[in-house]
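These notes are about the structure you will find just below.
Number of protein chains: 2
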Amino acid sequence: MKTTTVKTYSITEVSKMYHLPTTTLRYYEDLGLLYDIPRLKGRRAYTQQHLNRLGAICCFKDTGMTLKELQELFEAQDDDANLDKTCEILDNHYQRVLEQLALLEKNERHIKRKVRFYHDIKTAKENHSKMPNWEDYRDREF
Amino acid sequence: MKTTTVKTYSITEVSKMYHLPTTTLRYYEDLGLLYDIPRLKGRRAYTQQHLNRLGAICCFKDTGMTLKELQELFEAQDDDANLDKTCEILDNHYQRVLEQLALLEKNERHIKRKVRFYHDIKTAKENHSKMPNWEDYRDREF
DNA sequence: ATTTTACTTCAAGTATACTTGAAGTGTTAC
DNA sequence: GTAACACTTCAAGTATACTTGAAGTAAAAT
Numbered sequence: 001m002k003t004t005t006v007k008t009y010s011i012t013e014v015s016k017m018y019h020l021p022t023t024t025l026r027y028y029e030d031l032g033l034l035y036d037i038p039r040l041k042g043r044r045a046y047t048q049q050h051l052n053r054l055g056a057i058c059c060f061k062d063t064g065m066t067l068k069e070l071q072e073l074f075e076a077q078d079d080d081a082n083l084d085k086t087c088e089i090l091d092n093h094y095q096r097v098l099e100q101l102a103l104l105e106k107n108e109r110h111i112k113r114k115v116r117f118y119h120d121i122k123t124a125k126e127n128h129s130k131m132p133n134w135e136d137y138r139d140r141e142f
Numbered sequence: 143m144k145t146t147t148v149k150t151y152s153i154t155e156v157s158k159m160y161h162l163p164t165t166t167l168r169y170y171e172d173l174g175l176l177y178d179i180p181r182l183k184g185r186r187a188y189t190q191q192h193l194n195r196l197g198a199i200c201c202f203k204d205t206g207m208t209l210k211e212l213q214e215l216f217e218a219q220d221d222d223a224n225l226d227k228t229c230e231i232l233d234n235h236y237q238r239v240l241e242q243l244a245l246l247e248k249n250e251r252h253i254k255r256k257v258r259f260y261h262d263i264k265t266a267k268e269n270h271s272k273m274p275n276w277e278d279y280r281d282r283e284f
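Each protein sequence line maps, in turn, to chains S and D.
Quick note: the first sequence, position 67, residue 67 per my numbering, numbers continuous.
Quick note, my numbering runs 142 ahead of the 1-based positions in the second sequence.
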């Protein structure tokens, strides 16, 4: 007979690993995003499967998916019959991520210009030199 | 005597230009993020200054700044004495944006792999060929 | 002239994602 | 033994960012 002990993690360990409060981990479980978490002496014992899923939750949540959409995705993913729906959700979400990326890159450039502009104002004020003009910072690469 | 007519925009025009409901534009005004909007016959008439500020609101909000933080930023920005605070807020926010960008890029790669994985499962099922293994999709560039 | 349209103000309501509080249990520290 | 600690469940509360509803106004359309 073969006995294998599976490495598990307490809720506090998982909380630290994923930078999520323990309350949030319980909340995700309430929503069904995480399930079948075994209990050792009444305490949650997360396995590698749960960590993998939690990684997916963070990835999708951080890219703007709502918890409700995540429920739908996992529902489709955990049901082999719903491959089409899984692909559809993933494809749609990937498109949204590409849009977010383009927008974030645009906004990053804008904020970079603004940072530089205000630092130059500060320098100009300190040196009593000519004040910069925002127009000179628009659409210009530094 | 010189008379100049300044081009203004109605709330519906602004709503369409910035893809924000009119109610949200009024809400931002209530919060003081937009102010001194002139009224023509009781209706809001946004000037270019207001559009510029609204552009900034969208940029900062889309990069995760809360409306409260935006209030602080504008408060510091509109007060010449607070150049240091303006720079501090902008610097801190820019750091957060760079972190977001790195995270979003990482998440984009992960989701791209997942999209490809599920499409390959679908193809394999249709062709009755060998099922792909997620391990082959981890940390691999396509 | 009166109805429709497009606003206006102000207060109250809602959605999402947690977060907190109360009461209880089982191992560990003194 | 008993107190402290680290959890447990379940219900209720909170923060942020809107969103909706009610009542009113002013100009345009019929």
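We put the CB at the ideal spot given by N, CA and C, even for glycine.
Source: prediction; values computed, not measured.
Residue closest to residue i, alpha-carbon to alpha-carbon, out of the options
i: I153/D; options: M143/D, Y169/D, R186/D and T147/D; result: R186/D
i: D62/S; options: A81/S, L101/S, D78/S and T47/S; result: L101/S
i: C201/D; options: L83/S, R113/S and H93/S; result: R113/S
i: W134/S; options: E230/D, R181/D and N194/D; result: N194/D
i: T189/D; options: Y151/D, L209/D and D226/D; result: Y151/D
i: N249/D; options: R96/S, L20/S, K106/S and E108/S; result: R96/S
i: A81/S; options: H161/D, Y169/D, E268/D and K272/D; result: E268/D
i: D262/D; options: G42/S, E13/S, M17/S and T86/S; result: T86/S
Residue i to residue j span [Cα, whole Å]
i: R258/D; j: K264/D; result: 10 Å
i: H192/D; j: L54/S; result: 43 Å
i: D278/D; j: Y260/D; result: 13 Å
i: H252/D; j: I37/S; result: 25 Å
i: T70/S; j: I57/S; result: Before going further, note that residue 70/S is Leu rather than Thr in the sequence given. Straight-line Cα distance between these residues: approximately 7 Å.
i: G64/S; j: L98/S; result: 12 Å
i: S15/S; j: T23/S; result: 9 Å
i: E88/S; j: A218/D; result: 46 Å
i: P163/D; j: R181/D; result: 19 Å
i: K2/S; j: L104/S; result: 52 Å
i: L67/S; j: T147/D; result: 50 Å
i: H270/D; j: H93/S; result: 28 Å
i: D233/D; j: A124/S; result: 18 Å
i: M17/S; j: D220/D; result: 41 Å
i: M131/S; j: L225/D; result: 13 Å
i: E155/D; j: H19/S; result: 43 Å
i: L25/S; j: K149/D; result: 53 Å
i: Y28/S; j: R280/D; result: 25 Å
Proximity test, residue i beta-carbon vs the ligand ADP heavy atom, cut-off 7 Å
i: L98/S; result: No copy of the ligand ADP occurs in the structure displayed, which carries no ligand at all.
Quick one, which residues of the region 107 to 139 of chain S are near chain D if we go by CB-CB under 8 Å, in chain order?
N107, E108, H110, I111, K112, K114, V115, Y118, H119, I121, K122 and K125
Sequence ranges, alpha helix (DSSP H) only - wholly within the region 178 to 263 of chain D, length at least 4
190 to 204 and 209 to 220
Indicate whether the contact test is met: 3 or more Cβ pairs, each with one atom in the region 18 to 33 of chain S and one in the region 69 to 89 of chain S, closer than 8 Å.
yes
Name, going along the chain, the residues of the region 53 to 64 of chain S whose beta-carbon falls closer than 7 Å to a beta-carbon of chain D.
C59, D62 and T63
So if I threshold CB-CB distances at 8 Å, which residues from the region 234 to 245 of chain D count as touching chain S?
H235, Y236, V239, L240, Q242, L243 and L245
Cβ-based contacts, 7 Å cut-off: residues of the region 75 to 87 of chain S near chain D
L83, T86 and C87
Contact set between the region 156 to 174 of chain D and chain S, restricted to residues whose Cβ is under 7 Å from the partner:
none
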